[in-house]
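**Student:** Please find one structure pasted underneath; my questions will follow.
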Amino acid sequence: MEKLQGIKPVGRGAFHWEEVQEVQRFALPEERCTLLITDDSRLLSVGRAGQEFSAVIYGGDIKDAEDYIDGIDQFWAGYPDRVCEKQFAKLIGNMYAHFRAHFDHNVLKAIMDSSQDMMWVKDLKGLHLGVNRKFAEVVGKTKEECCGATQNDILDITEESAFGGGECSESESEVIRHGEMMSTEELVQIGSDMKQLTTYKAPIYDPFGKIVGTTGIGHDVTELNNMGLELGILLENLPLPIILCDENFNIIRINDRFRQVTQMGAMEVANMR
Numbered sequence: 003m004e005k006l007q008g009i010k011p012v013g014r015g016a017f018h019w020e021e022v023q024e025v026q027r028f029a030l031p032e033e034r035c036t037l038l039i040t041d042d043s044r045l046l047s048v049g050r051a052g053q054e055f056s057a058v059i060y061g062g063d064i065k066d067a068e069d070y071i072d073g074i075d076q077f078w079a080g081y082p083d084r085v086c087e088k089q090f091a092k093l094i095g096n097m098y099a100h101f102r103a104h105f106d107h108n109v110l111k112a113i114m115d116s117s118q119d120m121m122w123v124k125d126l127k128g129l130h131l132g133v134n135r136k137f138a139e140v141v142g143k144t145k146e147e148c149c150g151a152t153q154n155d156i157l158d159i160t161e162e163s164a165f166g167g168g169e170c171s172e173s174e175s176e177v178i179r180h181g182e183m184m185s186t187e188e189l190v191q192i193g194s195d196m197k198q199l200t201t202y203k204a205p206i207y208d209p210f211g212k213i214v215g216t217t218g219i220g221h222d223v224t225e226l227n228n229m230g231l232e233l234g235i236l237l238e239n240l241p242l243p244i245i246l247c248d249e250n251f252n253i254i255r256i257n258d259r260f261r262q263v264t265q266m267g268a269m270e271v272a273n274m275r
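The working numbering runs 2 ahead of the 1-based position in the sequence shown.
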């Protein structure tokens, strides 16, 4: 118990955290972690000090630690130093994996909630595992209410054939079938409003390569489509012949007055530069 990767005990069974980081090369924050390695059962009452990433290792007689057995992670009684070193390396690795998973989860949450697009994660049954702030804002429900619910439940759709029901399920089935990201245009009824979404959906794989769910991003293009309709109405009501081109002078749109003045058909207009 004295040879633990060269780490020296300090005070009540605590260890220099900088030395743990140096030996193991892990960026574990000292203020978030507790590491207690001791042969003295009296020190087990120190426990985890309420910190999130922690470990309690006991190398003394198990009979002396019966009152603390639920709070002990590993028993090293009678282990040779080499075994203790390997166990210690695994322990620090597990603590780091726990910390990294927690960190990655918070990074993903921050990115999702910063987005102005709707974002969600579903399992293979279509149940939402998580949604972002924008998603909850658009549907008028909390994140907690969305989690564990289907899209129809969230949007209060009673029939699968209604807008936003079967169409979304079908696109997710295609993503699962092909195993790759796909983009679709979807009409979704949210309350009394009809939304036009450009969605990007991708499969989620487990460590063994099996698809276990899907993730999606929904970009609301309703206003852009409405602007296109309004522009069309405006062009058709102007008494002047109008032709719209892109930067390469490809024709994007002409109005009816242009057709009347030029007497050109659709094919002729399409071939113009």
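Glycine residues also receive a C-beta, built at the ideal position from the N, C-alpha and C atoms. These numbers were taken from a predicted model, which means no experiment stands behind them.
Which first and last residues belong to the alpha helix (DSSP H) in which isoleucine 156 is found?
**Tutor:** Counting along the chain, isoleucine 156 sits inside the alpha helix (DSSP H) bounded by residues 153-156.
**Student:** With DSSP run on the structure shown, which of helix, strand or coil describes glutamate 187?
**Tutor:** strand
**Student:** Aspartate 155: which of Gln191, Thr200, Ala99 sits nearest, CA to CA?
**Tutor:** Gln191
**Student:** Comparing C-alpha positions only, which one of Tyr70, Val141, Glu146 sits nearest to aspartate 158?
**Tutor:** Val141
**Student:** If proline 209 and threonine 216 are in contact, beta carbons under 8 Å, what's the gap, nearest whole angstrom?
**Tutor:** Going by Cβ atoms, the distance from proline 209 to threonine 216 rounds to 17 Å, so no, they are not a contact pair.
**Student:** Compute the beta-carbon to beta-carbon distance between leucine 189 and aspartate 222, rounded to the nearest angstrom, for a pair I have assumed lies under 8 Å.
**Tutor:** Between aspartate 222 and leucine 189 the Cβ distance is about 12 Å, and since that is not below 8 Å, they are no contact.
**Student:** Assess, as a yes-or-no matter, whether the stretch 144-151 is touched by the stretch 173-183 under the definition of 3 or more beta carbon pairs within less than 8 Å.
**Tutor:** no
**Student:** Please state whether the Cβ-Cβ distance between valine 58 and aspartate 75 is less than 8 Å.
**Tutor:** yes
**Student:** Measuring only the C-alpha atoms, how far is tyrosine 70 from aspartate 83?
**Tutor:** 24 Å
**Student:** For lysine 124, which of helix, strand or coil comes out of DSSP?
**Tutor:** strand
**Student:** Am I right that aspartate 106 and arginine 135 are in contact with their C-beta atoms under 8 Å? What's the rounded C-beta distance?
**Tutor:** Aspartate 106 to arginine 135, Cβ: 19 Å. No contact.
**Student:** Could you have a look at tyrosine 70 and say whether DSSP puts it in helix, strand or coil?
**Tutor:** When secondary structure is reduced to three states using DSSP, tyrosine 70 falls in the helix class.
**Student:** Quick one, are the C-beta atoms of isoleucine 213 and isoleucine 178 less than 8 Å apart?
**Tutor:** Taking 8 Å as the Cβ cut-off, isoleucine 213 and isoleucine 178 qualify as a contacting pair.
**Student:** Note down the Cα distance separating glutamate 146 from tryptophan 122, rounded to an integer number of angstroms.
**Tutor:** Looking at the two C-alpha atoms, the distance is approximately 13 Å.
**Student:** Can you give me the Cβ contacts of tryptophan 219 inside the same chain, cut-off strictly under 6 Å, excluding the 5 residues immediately before and after it?
**Tutor:** According to the sequence displayed, residue 219 carries isoleucine and not tryptophan. The answer, listed in chain order, is Asp119, Met121, Tyr202.
**Student:** By the DSSP assignment, the beta strand (DSSP E) with threonine 200 in it spans what residues?
**Tutor:** 195-207
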